[in-house]
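Trainee:
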Ligand SMILES: *Cc1c(COP(=O)(O)O)cnc(C)c1O
């Protein structure tokens with residue numbers, strides 16, 4: 556197949572623009588770390604953890620190396636391991652399910668709803684004698700239906716680990732995500748809303764005991780310099796990243812507001828041609844991704860690229876149909892909603908620096924595609 560190079564008018568990501576805006580502040584933060592030589596944990600990490608806990612409305616925030624480790628450690632700290640089942644959604648990023656398997660437990664998928672989030676009724680039907688936890692994902696930056704999930708979990712004695720990787724700042728009935736379950740897990744990967752210049756992650760909890768366990772677990776199980784209580788990870792939040800995150804945190808709310816304004820623009824302009832996400836009264840979505848459901852997705856994506864608009868698909872292969880999941884025994888047809896969404900989802904560019912002209916091009920390209928169809 557010939558490789559065609561299109562001139563991108565609307566690229567999917569914006570890292571260079573972001574750097575241009577706050578690059579000097581970031582360099583100064585990195586320089587501070589280099590000058591004081593405090594490379595492992597230390598004051599930058601502590602400062603970030605305090606800011607993150609306050610922001611998420613929780614008692615404790617613990618910085619870690621990435622969002623996947625956060626999920627694995629959260630499950631382990633809650634005592635989940637071999638023989639246990641954890642219920643999650645099949646339409647998430649791979650890591651939601653991988654974390655369950657890496658903790659030694661078995662992922663158990665249930666279908667999602669039109670809003671791309673896990674179906675609480677389906678959770679209840681999937682609960683069996685081995686079920687120990689629910690791992691809802693706040694996919695695209697929209698909070699999962701946490702009240703119902705909490706009710707189901709309470710009735711059956713299950714713990715809740717929130718996969719809030721895509722949703723920092725989102726609220727559900729006024730509560731920020733990360734404070735809606737037993738432990739919240741965030742990714743601070745470059746593509747996420749609060750992003751490091753590399754890998755980083757965060758765990759949140761209101762439980763003092765769990766916070767202590769998680770703090771030790773990310774640092775070899777050590778309770779002090781020389782004494783370890785259990786086998787732990789080396790999964791500390793890197794100090795250079797923490798210094799940059801302290802800078803970026805100041806701009807998070809403005810960036811989120813810009814994403815929300817873009818989402819409103821897209822939803823108003825595209826609501827008649829594709830299915831667009833709609834925010835409900837009880838929620839505040841942060842639109843990590845703006846995902847539409849559409850007919851002729853692959854052809855539309857190709858047309859957009861011809862017009863200079865780069866889009867992505869999150870995610871074309873549901874997790875239960877990945878080769879990695881083969882041993883779990885799922886088949887095509889098991890989760891019809893998630894599978895249909897995998898064929899129909901398209902993610903439009905959405906970031907703070909998107910201009911009116913760029914947004915207009917995205918919209919007009921999509922509208923032209925459907926004219927005459
Ligand atoms: C990004 C992401 C993760 C994993 O985070 P990393 O920091 O890349 O390890 C987990 N779950 C979801 C839903 C994600 O989007």
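Residue numbers (the working numbering): 556 to 928. All C-beta atoms in this analysis are idealised placements derived from N, C-alpha and C, irrespective of residue type, glycine included.
(1) Out of curiosity, what's the CA-to-CA distance linking residue 790 and residue 619?
(2) Could you tell me the distance, in whole angstroms, from the CA atom of residue 709 to the CA atom of residue 733?
(3) Rounded to whole angstroms, what is the Cα-Cα separation between residue 677 and residue 894?
(4) Can you round the beta-carbon distance between residue 901 and residue 840 to whole angstroms, since I take them to be within the 8 Å contact cut?
(5) Which residues does DSSP pair with residue 869 in a beta bridge?
(6) What does residue 847 pair with, by DSSP beta-bridge criteria?
(7) Run through DSSP, which three-state label would residue 748 get?
(8) Counting along the chain, where does the beta strand (DSSP E) carrying residue 615 start and finish?
(9) For residue 800 and residue 888, I'd like the C-alpha separation in whole angstroms.
(10) Across the stretch 692 to 710 and the stretch 589 to 596, are there enough close Cβ pairs to call them in contact, namely three or more that are closer than 8 Å?
(11) Please list the terminal residues of the continuous alpha helix (DSSP H) segment that includes residue 604.
(12) If you draw a straight line from the alpha carbon of residue 640 to that of residue 652, how long is it in whole angstroms?
(13) My output table needs one value for residue 690: the three-state DSSP class, helix, strand or coil.
(14) Let me confirm a value: residue 633 is counted as buried when at least 16 other C-beta atoms fall within 10 Å, else exposed. Which label applies?
(15) Classify residue 589: buried if its beta carbon has 16 or more other beta carbons within 10 angstroms, exposed otherwise.
(16) Is the beta carbon of residue 803 within less than 7 Å of some heavy atom of ligand 3?
(17) Let me know the secondary structure DSSP gives residue 820 once reduced to three states.
(18) Would you check if the stretch 907 to 922 and the stretch 698 to 705 touch, i.e. whether three or more CB-CB distances between them fall below 8 Å?
(19) Considering only residues of the same chain and omitting the five flanking positions on each side of residue 570, which have a CB-CB separation below 7 Å?
(20) Spatial neighbours of residue 645 within its chain, please: C-beta separation below 6 Å, excluding the five flanking residues on both sides.
(21) Using DSSP's beta-bridge definition, name the partner residues of residue 835.
(22) Say the cut is 7 Å; is the CB of residue 621 nearer than that to a heavy atom of ligand 1?
(23) From 691, 591, 623, 686, pick the residue whose C-alpha is nearest to that of residue 637; which is it?
(24) Which residue wins for smallest C-alpha separation from residue 926, given the options 689, 649, 908, 851?
(25) So, for residue 809: in the same chain, excluding its five sequence neighbours on each side, which residues have a beta-carbon less than 8 Å away from its beta-carbon?
Mentor: Here's the rundown:
(1) Against the chain shown, residue 790 aligns to sequence position 235. Against the chain shown, residue 619 aligns to sequence position 64. Cα to Cα, residue 790 sits roughly 5 Å from residue 619.
(2) Position 154 of the chain shown, counted from the first residue, corresponds to residue 709. Position 178 of the chain shown, counted from the first residue, corresponds to residue 733. Straight across, the Cα-Cα distance linking residue 709 with residue 733 is about 18 Å.
(3) Reading the chain shown from its first residue, position 122 is the one you call residue 677. Reading the chain shown from its first residue, position 339 is the one you call residue 894. Cα-Cα distance, rounded: 16 Å.
(4) In the chain shown, the residue the question calls residue 901 occupies position 346. In the chain shown, the residue the question calls residue 840 occupies position 285. With 8 Å as the limit, residue 901 and residue 840 do not qualify as a contact, their Cβ atoms being about 18 Å apart.
(5) Counting from 1 along the chain shown, the entry for residue 869 is found at position 314. BP columns for residue 869 are empty, so no partner.
(6) As a working mapping, residue 847 is identified with position 292 in the chain shown. Looking at the DSSP output, residue 847 bridges to 901.
(7) By one-based count along the chain shown, residue 748 stands at place 193. Reduced to three states, the DSSP call for residue 748 is coil.
(8) Taking the chain shown and counting its residues from 1, one reaches residue 615 at position 60. Here the beta strand (DSSP E) through residue 615 covers 615 to 619.
(9) Along the chain shown, one-based indexing puts residue 800 at 245. Along the chain shown, one-based indexing puts residue 888 at 333. Separation of residue 800 and residue 888 (C-alpha to C-alpha, rounded to the nearest whole angstrom) is 42 Å.
(10) Taking a cut-off of 8 Å on C-beta distances, the stretch 692 to 710 does not touch the stretch 589 to 596, as fewer than three cross pairs fall below it.
(11) Position 49 of the chain shown, counted from the first residue, corresponds to residue 604. Per DSSP, the unbroken alpha helix (DSSP H) holding residue 604 starts and ends at 598 to 611.
(12) Residue 640 sits at position 85 when you count from the first residue of the chain shown. Residue 652 sits at position 97 when you count from the first residue of the chain shown. Residue 640 and residue 652 have their C-alpha atoms some 11 Å from each other.
(13) Here residue 690 refers to the residue found at position 135 when the chain shown is read from its first residue. In the three-state DSSP reduction, residue 690 falls in the strand class (E or B).
(14) For this step, residue 633 is matched to residue 78 along the chain shown. It counts as buried.
(15) Mapped onto the chain shown, residue 589 falls at position 34. Exposed, by the Cβ-count rule.
(16) Within the structure as shown, ligand 3 is missing, the only ligands being ligand 1.
(17) Residue 820 sits at position 265 when you count from the first residue of the chain shown. Here residue 820 sits in helix by DSSP.
(18) The stretch 698 to 705, when compared against the stretch 907 to 922, does not touch it at the 8 Å Cβ threshold.
(19) Taking the chain shown and counting its residues from 1, one reaches residue 570 at position 15. Correct list, in chain order: 745.
(20) Position 90 of the chain shown, counted from the start, is the residue given in the question as residue 645. The beta carbon of residue 645 sits closer than 6 Å to those of 664, 873, 874, 875, 890, 893, all from its chain and outside the five residues before and after it, given in chain order.
(21) The count along the chain shown starts at 1 and reaches residue 835 at position 280. Partner(s): none; residue 835 has no beta bridge.
(22) Sequence index remark: in the chain shown, residue 621 carries index 66 (1-based). For residue 621, the CB falls within less than 7 Å of some heavy atom of ligand 1.
(23) For the purposes of this step, residue 637 is identified with residue 82 of the chain shown, where counting begins at 1. Closest option to residue 637, Cα to Cα, is 686.
(24) Looking up residue 926 in the chain shown gives position 371. Among 689, 649, 908, 851, the Cα nearest to that of residue 926 belongs to 851.
(25) One-based indexing of the chain shown puts residue 809 at position 254. The residues are 907.
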